[in-house]
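Each residue of the sequence shown is one higher than the last, beginning at 0 in numbering that gives the first Met the number 0.
Shown next, in structure tokens, is the structure this report addresses.
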Amino acid sequence: MSPRTAGRPGGAEDPPREVFDYALLRVVPRPERGESINAGVLLWCRGRSWLGARVHLDEDRLLALDPGADVIGVRAALRAAEELCRGGAAAGQAAAEDPGRRFRWLTAPRSTVVQPGPVHSGLTRDPEAELERLLYLLVHPVTRRAARVPEAD
Numbered sequence: 000m001s002p003r004t005a006g007r008p009g010g011a012e013d014p015p016r017e018v019f020d021y022a023l024l025r026v027v028p029r030p031e032r033g034e035s036i037n038a039g040v041l042l043w044c045r046g047r048s049w050l051g052a053r054v055h056l057d058e059d060r061l062l063a064l065d066p067g068a069d070v071i072g073v074r075a076a077l078r079a080a081e082e083l084c085r086g087g088a089a090a091g092q093a094a095a096e097d098p099g100r101r102f103r104w105l106t107a108p109r110s111t112v113v114q115p116g117p118v119h120s121g122l123t124r125d126p127e128a129e130l131e132r133l134l135y136l137l138v139h140p141v142t143r144r145a146a147r148v149p150e151a152d
């Protein structure tokens with residue numbers, strides 16, 4: 000029995016690891032200052048044709064950078080990224096595009112308040128769990144308490 004099948008009913012193997020690309024969504028309330036907060040993660044797994052986004056806006060951190068920030072507008076832009084990843088009617092005309100094309104569109108450099116960071120790659124067996132792990136690790140505020148990072152493989 001291999002390590003991939005140990006403890007699995009009937010010796011079933013783990014699914015193969017797939018390459019994925021991800022980028023952070025950053026909120027840059029005042030571009031001239033160059034300050035930003037991480038507010039979401041986009042993840043594209045070509046091998047599974049899977050595209051997802053998860054967002055978390057820390058309003059206190061945003062307002063610390065710019066007390067006049069348009070929180071409602073920022074939330075709307077982040078929601079739009081999630082909808083575009085999901086596809087369907089809420090994504091508008093872009094829903095007709097394949098997930099890879101939508102990911103590339105979302106990660107194209109832009110000079111807006113919500114901006115994508117650079118694209119990074121990794122390997123995973125579960126893109127959805129990886130997206131949750133990255134959101135927790137890279138977007139949620141670091142706290143002093145010892146916290147367990149969700150696992151993804």
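Note that the Cβ used here is the ideal one computed from N, Cα and C, for glycine as well.
N- and C-terminal bounds of the beta strand (DSSP E) containing residue 25: In the DSSP assignment, residue 25 falls within the unbroken beta strand (DSSP E) covering 17-26.
Buried or exposed (CB count within 10 angstroms, at least 16 for buried), residue 31: Residue 31 comes out exposed.
Contacts around residue 25, its chain only, beta-carbon distance under 8 Å, and the 5 residues preceding and following it disregarded: Correct list, in chain order: 35, 36, 37, 38, 113, 114, 115 and 116.
Cβ contact check for the stretch 130-145 and the stretch 45-53: 3 or more pairs under 8 Å: Counting C-beta pairs with one atom in each stretch, the stretch 130-145 and the stretch 45-53 have three or more that are closer than 8 Å, which means they touch.
Simplified DSSP state of residue 38, which is helix, strand or coil: Annotated three-state conformation of residue 38 is strand, per DSSP.
Residue 52 - DSSP class collapsed to helix/strand/coil: Looking at residue 52 - three-state DSSP - the assignment turns out to be strand.
Backbone CA spacing between residue 81 and residue 118 [nearest angstrom]: Answer to the nearest angstrom: the Cα atoms are 17 Å apart.
Three-way DSSP call (helix, strand, coil) for residue 121 in this model: Residue 121 falls in the strand class under three-state DSSP.
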